[in-house]
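So the sequences go chain by chain: A and P. Here this note's numbering is used: the first sequence runs in plain steps of one and ends on residue 194. Here this note's numbering is used: the second sequence runs in plain steps of one and ends on residue 194.
Protein chains: 2
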Amino acid sequence: MSSKREALINAAKDLLWERGYEAMSPKAVLRASGAGQGSLYHHFEGKRDLAATALEEIGAGLRESFDKRLDPSKPAIKRLEAYLDTPREALKGCRFGRLSHEQAIADPVLNPIVGDLFTHFEKRLTATVREAQKDGDLPTALKAKEIALMLAAIVQGGYVLSRIRQDEAPFTQAIRGAKSALRALSTNST
Amino acid sequence: MSSKREALINAAKDLLWERGYEAMSPKAVLRASGAGQGSLYHHFEGKRDLAATALEEIGAGLRESFDKRLDPSKPAIKRLEAYLDTPREALKGCRFGRLSHEQAIADPVLNPIVGDLFTHFEKRLTATVREAQKDGDLPTALKAKEIALMLAAIVQGGYVLSRIRQDEAPFTQAIRGAKSALRALSTNST
DNA sequence: GTCTATAGCAGGATAGAC
DNA sequence: GTCTATCCTGCTATAGAC
Chain A
5 MSSKREALIN AAKDLLWERG YEAMSPKAVL RASGAGQGSL YHHFEGKRDL
55 AATALEEIGA GLRESFDKRL DPSKPAIKRL EAYLDTPREA LKGCRFGRLS
105 HEQAIADPVL NPIVGDLFTH FEKRLTATVR EAQKDGDLPT ALKAKEIALM
155 LAAIVQGGYV LSRIRQDEAP FTQAIRGAKS ALRALSTNST
Chain P
5 MSSKREALIN AAKDLLWERG YEAMSPKAVL RASGAGQGSL YHHFEGKRDL
55 AATALEEIGA GLRESFDKRL DPSKPAIKRL EAYLDTPREA LKGCRFGRLS
105 HEQAIADPVL NPIVGDLFTH FEKRLTATVR EAQKDGDLPT ALKAKEIALM
155 LAAIVQGGYV LSRIRQDEAP FTQAIRGAKS ALRALSTNST
């Protein structure tokens, strides 16, 4: 069977989060997984193929937890808050966002894996903002897509600020700023 | 004299922006600067020292243009908009923000160079938000520091989203969302 | 100050035995 | 399917001539 295959993928998932793509060396993957060179190149074409497989799995997990957070049982404005309130490891960074400044993000194989998930986020957030506007919880003068991208940017930018400062506080505070801004917009739009 | 020294620093500045720290190889710096190995290791202790020098210069430039943008001749709320409206190359990324997910950001020599500038940004933005509140242009219920970090995060996150999507639009739209949100908050706070 | 030559080491992939 | 041994390349730094 392919017990080593799974071990390799899991090790790659960890290392992609900890170090990113370029700094994820096959050697480190082998060490972390307990597999030998042969297993890696038997199951995968190479580093990029392994990373692609690992990223697909990571993406599936991220998408699932995102969709769960935006489950339409609560009012739209609460779902936006829930998105902001998603528990996140500010100092480790976003598993996908951290790849954004690597060369790998322009790779034709790897880019869609990351990009398609963000497109999904953007669409769902935009629809949710629009719904909140219909509910009278956000001003209709705002463009839904712009607010959606703004919220996604706050999360991604929060990671950046926290990593630079080596402190969780900037992330937490940026998120709190976003939530209180939403609330201030909300109370004035009725 | 040290004409090669300047050439090395300038090449490093370019490469740090294009590729980041880890991917900036001394060999590439030499090629781009036209200098030989000897010059590099004569003027600098090594790659890290060269990068530190280059980052200091980059940081000085960023600080100057930031301070110019927030010059207190205009009302505070306009200065916040001017900050958001700073011309930026969305697809190249922030010269400092792009380092946030590299190991180098935790380096005791390099981190302060980047971190101190962001601390400066945060302080100045916070003071500006507070001033806008006093002017009656933003709700006093908001915490100035949180809004300041939120704005900085939107810029940094905009870069991330644009790089992931390989498209300037997400950056532009996130910024537009922030500006219209500020305006919506502004018209309601008087 | 600047150059070329070279060293030591790690990244990424291949070969071939078991 | 999995292993170890090996290869080639490029990164970072040092040595020593000019």
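Backbone N, C-alpha and C fix where the C-beta goes; we use that ideal spot for every residue, glycine too. Since this is a predicted model, take the numbers as computed values, not measurements.
query, result
"Is the Cβ of Ser104(P) closer than 8 Å to any Cβ of chain A?", "yes"
"Does the CB of Arg167(A) have a neighbour CB from chain P at under 8 Å?", "yes"
"Evaluate Gln170(A) with the Cβ neighbour count: other Cβ atoms within 10 Å of its Cβ, from every protein chain shown; 16 or more gives buried, anything less gives exposed.", "exposed"
"Should Arg83(A) be flagged as near chain P, meaning a C-beta pair shorter than 8 Å?", "no"
"Indicate the three-state DSSP secondary structure (helix, strand or coil) for Ala39(P) in the structure shown.", "coil"
"Taking beta-carbon pairs under 9 Å, can you tell me which members of the stretch 87-101 of chain A lie near chain P?", "Gly97, Cys98, Phe100 and Gly101"
"From this set, His47(P), Gly63(P), Ala173(P) and Leu12(P), which residue's C-alpha is nearest Gly101(P)'s C-alpha?", "Gly63(P)"
"Would a C-beta distance cut-off of 8 Å place Val113(P) and Arg52(P) closer than the cut-off?", "yes"
"Count Cβ pairs between the stretch 157-167 of chain A and the stretch 155-174 of chain P that sit closer than 8 Å; are there 3 or more?", "yes"
"Is there a Cβ of chain A sitting closer than 8 Å to that of Pro116(P), yes or no?", "no"
"In or out: Thr130(A) buried (at least 16 other Cβ within 10 Å) or exposed?", "buried"
"Quick check: the stretch 127-144 of chain A against the stretch 68-85 of chain A, are at least 3 beta-carbon pairs closer than 8 Å?", "yes"
"Beta carbons nearer than 7 Å to chain P: which residues of the stretch 151-166 of chain A have them?", "Ile151, Leu153, Met154, Ala156, Ala157, Ile158, Val159, Gln160, Gly161, Gly162, Val164 and Leu165"
"Looking at chain A, is there any beta carbon in it that lies within less than 8 Å of the beta carbon of Glu220(P)?", "This structure leaves residue 220(P) out entirely; chain P is present only between 5 and 194."
"How many Å lie between Ala145(P) and Ala136(A) at the Cα?", "22 Å"
"Starting from the C-beta of Leu165(P), find all residues in its chain whose C-beta is less than 7 Å away, skip the five residues before and the five after it, and write them out in chain order.", "Pro174, Phe175 and Ala178"
"Determine whether the Cβ of Gly48(A) lies closer than 8 Å to any Cβ atom of chain P.", "According to the sequence shown, residue 48(A) is Phe rather than Gly. It does not: the Cβ of Phe48(A) has no partner Cβ on chain P nearer than 8 Å."
"Just the Cα atoms here: how many angstroms apart are Arg9(P) and Gln41(A)?", "43 Å"
"Pull out every residue of the stretch 108-139 of chain A whose Cβ sits closer than 8 Å to any Cβ of chain P, in chain order.", "Ile109, Ala110, Asn115, Val118, Gly119, Phe122, Thr123 and Glu126"
"Grab me the residues of Ala37(A)'s own chain with a C-beta within less than 6 Å of its C-beta, minus the 5 sequence neighbours each way, in chain order.", "Before going further, note that residue 37(A) is Ser rather than Ala in the sequence given. The answer, listed in chain order, is Ala11, Leu12 and Ala15."
"Please decide whether Gln170(A) counts as near chain P, where near means a Cβ-Cβ distance under 8 Å.", "yes"
"Given this structure, state the Cα-to-Cα distance separating Ile109(A) from Asn115(A), to the nearest angstrom.", "5 Å"
"Measuring alpha carbon to alpha carbon, tell me which residue in Leu74(A), Ile151(A), Arg187(A) and Ser7(A) is nearest Ser184(P).", "Ile151(A)"
"Consult DSSP for Val133(A) and reduce its assignment to one of helix, strand or coil.", "helix"
"Using beta carbons (cut-off 8 Å, strictly below), is Leu66(P) in contact with chain A?", "no"
"For Leu95(P), which option in Glu106(P), Leu189(P), Asp120(P) and Ile168(P) has the closest C-alpha, if you only look at C-alpha atoms?", "Ile168(P)"
"Go through its chain and collect everything with a Cβ distance to Pro76(A)'s Cβ below 8 Å, but skip five positions before and after it.", "Arg83"
"If you draw a straight line from the alpha carbon of Leu54(A) to that of Glu60(A), how long is it in whole angstroms?", "10 Å"
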